[in-house]
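Residue numbers (the working numbering): 1 to 364.
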Ligand code: TRP
């Protein structure tokens, strides 16, 4: 997979605060990464190109924790019959996309109770008016009508707990998660460290890594809308496990326009831009080179080339997925090992927080 890494650290947010963990960590110099995806239905190429492929690029040089955030998946209506299956299949897709379980910890959020416990503590420290500004909550609650749960409102604090438990240095996320990252930083800095630290900071202040290119994968039906799992129209996205037949059908039906030749920067042609972007990420070719090559190519021909590339790129992922999903023993082993490594770190942070915040501690 030849994708170039498309991330950059946001300069305004860079700050290298020391925390207790930096001292204790001592020997391992690798910076730590934490990220996750919700196990809601099938992962699509937007999740892959926007998130997972960047984790793959970062895993060698970082100590990497990757979470399947199933507690987040119940913040809107969900099917209990599917939750566990989707959780497993999401974990399997991480590996199928190239995450190496030998060097990364892959784990399921609900398996580590420290997430919920730290979430509660952070709830009590966070002013409600900070939460009322959350853009994603406003958007999602409109979609939910009058069925909006407290959990959906609390979603960003659970996410802050996910991140802060691991003393993460970096959190690779898409542009849409930037505000949640800022919230996590503010809670850690202003509501925990500033108020409760006696000397060294209690919590590490994480830095976002905002993934630029891949996080802008748009819907196949509307090049101005993000490709999304929650879009009711299946045809708006390509799932990682779609068969060649389905892929062919979806691309055939994907929205096009009446121009000749493919262009990237024409604001009137968001669909052309989107497919060129995806094609560039999949083929490893520069957009400018593609624009040149395809300046005289019509939609029909381009869609054929595009479809072939897509099928070709997804094939190895689908093959690895099939092997893994049919080997529950192996998958379970990966998740047990991931849990053990993650839980040790999470529990340590949680005890530190509880101790510094004044909770009763049992005599040993
Ligand atoms: N909210 C994230 C998303 O929708 C998922 C998520 C939950 C996450 N907890 C996290 C991402 C912690 C990074 C770190 O993309």
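We put the CB at the ideal spot given by N, CA and C, even for glycine.
Where residue i falls: helix, strand or coil (DSSP)
| i | result |
| --- | --- |
| residue 63 | strand |
| residue 37 | strand |
| residue 232 | coil |
| residue 266 | coil |
| residue 127 | coil |
| residue 107 | strand |
| residue 138 | helix |
| residue 326 | coil |
| residue 32 | strand |
Residue i, buried or exposed, once every other Cβ within 10 Å from all chains shown has been counted against 16
| i | result |
| --- | --- |
| residue 3 | Confidence is the limiting factor: at residue 3 the pLDDT is only 42, short of 50, which leaves the residue's position unreliable and the question unanswerable from this model. |
| residue 199 | exposed |
| residue 172 | buried |
| residue 120 | exposed |
| residue 322 | exposed |
| residue 26 | Low confidence applies here, because residue 26 scores a pLDDT of 45, under 50, leaving its location unreliable; read the following figure in that light. Its Cβ having fewer than 16 others within 10 Å, residue 26 is exposed. |
| residue 296 | exposed |
| residue 97 | buried |
| residue 356 | buried |
| residue 134 | buried |
| residue 242 | buried |
| residue 143 | exposed |
| residue 329 | exposed |
| residue 316 | exposed |
Ligand 3 heavy atom lying under 7 Å from the CB of residue i
| i | result |
| --- | --- |
| residue 173 | Absent from the structure shown: ligand 3. Ligands present: ligand 1. |
Residue i: CB within 7 Å of a non-hydrogen atom of ligand 1
| i | result |
| --- | --- |
| residue 217 | no |
| residue 180 | yes |
| residue 134 | no |
| residue 38 | yes |
| residue 165 | no |
| residue 72 | yes |
| residue 34 | yes |
| residue 177 | yes |
Touching or not, the segment 63-73 and the segment 151-162, by the rule of three or more beta carbon pairs under 8 Å?
yes
Considering only residues of the segment 143-222, which uninterrupted alpha helix (DSSP H) runs meet the minimum length of 4 residues and lie entirely inside it, listed in chain order?
150-164 and 178-186
Three or more beta-carbon pairs under 8 Å between the segment 239-254 and the segment 181-198, yes or no?
no
Are three or more beta carbon pairs between the segment 76-88 and the segment 29-36 nearer than 8 Å?
no
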